[in-house]
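The working numbering numbers the first residue of the sequence shown as 2 and each following residue consecutively. Cβ coordinates follow ideal geometry from the N, Cα and C atoms, glycine included. Only a predicted model underlies this, so the values are computations on that prediction, with no experimental measurement involved. For reference, the structure is listed below as C-alpha cells.
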Amino acid sequence: IEYHALHISSGTDTMVITGVLRELEKQKEIVICPPIWYGVASYAVGGPETGTIHVDVDAYEQYIYSILKSMVYGGVKNIYCIPHHQTEEGGLMPMTLAVHKAAKKAIMEYMEEKHGLGWWGSNDYADYYENLGSVDDPFSYIKVIPLMDAETQHKCGGFDHAGKYETSLMLGVYPENVDMRRTEENTEWFAKSAVEASQELGEHMLGCALEYLDKAIQ
2 IEYHALHISS GTDTMVITGV LRELEKQKEI VICPPIWYGV ASYAVGGPET
52 GTIHVDVDAY EQYIYSILKS MVYGGVKNIY CIPHHQTEEG GLMPMTLAVH
102 KAAKKAIMEY MEEKHGLGWW GSNDYADYYE NLGSVDDPFS YIKVIPLMDA
152 ETQHKCGGFD HAGKYETSLM LGVYPENVDM RRTEENTEWF AKSAVEASQE
202 LGEHMLGCAL EYLDKAIQ
C-alpha cells in the first residue's frame, strides 16, 4: 500500500500483479495465492500522511518466510513469488531482497531437517550441478521473479511510478481504479506524465508481461 498520486489506487503495486496473473490464469495452469497487500513500501515517495503503509523489512521477511515454510513443508515445490515494488531494471531493493532471503532460509531449513546436516555435501547430491535449475534442484522450489524483467520493461516502452506507464498498466487491468480526470491535479514530478496514459498502451504492457511470465513460470 503506497501513495500513487491522486489518480490511481494506493494498492496499485499489488493490483497490477493480481490483474496480470488473472489473465495468465486463463492461458496457463497456475494457482494464484492471496496477495500480500502490506509490504516494505518505504516512505521514499511520501510519508504516512499520504496513505502509504510501511512494514519493517525484518518483520516482512519473517512473515514471508513463515508462509513459504508452510507451503514447502506442505509439499508445494514450484512456487513463484512476484514482488512488484521498486523493481526498475530488475533492481534488488529491500522488499525484493527480503523475499529472496525468506525463500533461501525456508529451503535451507527444510533440506537440513529432511535430509540432515551436510545434505549438500553428501554423495546423494553428487549430481547437484547437473540438476541446477531443474525440478530436482531444491533451490528452485521457490523462485523470486519480477512482474516484468528489464527486457520486458524496455519492450513496453518504459517503466515508472504512477506516471504514463504504470497508469496505463492499471488501465489495462483495473480501469475502474483509475481517474484520468485527476491526472491534471498531480504536482509531483513522477506523476505528471500520467496525463499521457492510455488503455491501448496498458493492453500492450499487459501483453508484454504475459509473454514474459508465460516463459518464466514453468
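request  = Give the DSSP-derived three-state secondary structure of Tyr4 in the structure shown.
outcome  = coil
query = Using the beta-carbon count (16 or more within 10 Å), is Thr40 buried or exposed?
reply = Note on identity: in this sequence residue 40 is Gly, with Thr being the wrong assignment. Label assigned to Gly40: buried.
ask   = What residue from Asp125, Glu212, Leu7 and Leu118 has the CA that sits closest to Val46's CA?
value = Leu7
inquiry  = Looking at the secondary structure, which residues open and close the beta strand (DSSP E) in which Tyr81 lies?
reply    = Ile80 to Cys82
query = In chain order, which continuous runs of the alpha helix (DSSP H) of length 4 or greater are located wholly inside the segment 20-46?
reply = none
ask   = What's the C-alpha gap between Ile83 and Leu69?
value = 13 Å
request  = Would you list, in sequence order, the uninterrupted beta strand (DSSP E) runs of no fewer than 3 residues that lie entirely inside the segment 116-203?
outcome  = 143-145
query = Cα separation between Leu207 and Ala198?
reply = 14 Å
inquiry  = Within a Cβ cutoff of 6 Å, which residues of the same chain sit near Thr97, ignoring the five residues on either side of it in sequence?
reply    = Pro84
key: Alpha-carbon spacing of Ile146 relative to Gly173, whole angstroms   = 21 Å
task = Check the C-beta distance from Gly75 over to Trp38 and give it rounded, since I have them as a contact under 8 Å.
result = Gly75 to Trp38, Cβ: 23 Å. No contact.
message = Can you tell me whether Ile68 is helix, strand or coil according to DSSP?
response = helix
message = Measuring CB atoms only, is the segment 17-26 touching the segment 171-187, in the sense that at least three cross pairs come out at less than 8 Å?
response = yes
task = Kindly indicate which three-state DSSP category His205 falls into: helix, strand or coil?
result = helix
ask   = In its own chain, which residues sit with a C-beta less than 6 Å from the C-beta of Val58, not counting the 5 before and 5 after it?
value = Val41, Pro95 and Ala99
inquiry  = For Arg183, which residues in the same chain have their Cβ closer than 7 Å to its Cβ, ignoring the five residues on either side in sequence?
reply    = Leu7 and His8
request  = Use the C-beta contact count for Gly203: other C-beta atoms within 10 angstroms, 16 or more gives buried, fewer gives exposed.
outcome  = buried
key: Contact under 8 Å by Cβ, Tyr81 with Lys144   = yes
request  = Would you decide whether Glu3 is buried or exposed? Buried here means 16 or more other CB atoms lie within 10 Å of its CB.
outcome  = buried
key: Among His86, Gly91 and Val77, the one whose alpha carbon lies nearest that of Ala107   = Val77
request  = Whole angstroms is fine: what's the gap from Leu148's alpha carbon to Ala210's?
outcome  = 7 Å
key: Contacting residues, own chain, Cβ-Cβ under 8 Å from Asp150 (five flanking each side not counted)   = Gly91, Tyr213 and Ala217
inquiry  = Which same chain residues end up closer than 7 Å to Ala103 when comparing Cβ atoms and leaving out the 5 residues on each side of it in sequence?
reply    = Glu62, Ile65, Tyr66 and Leu69
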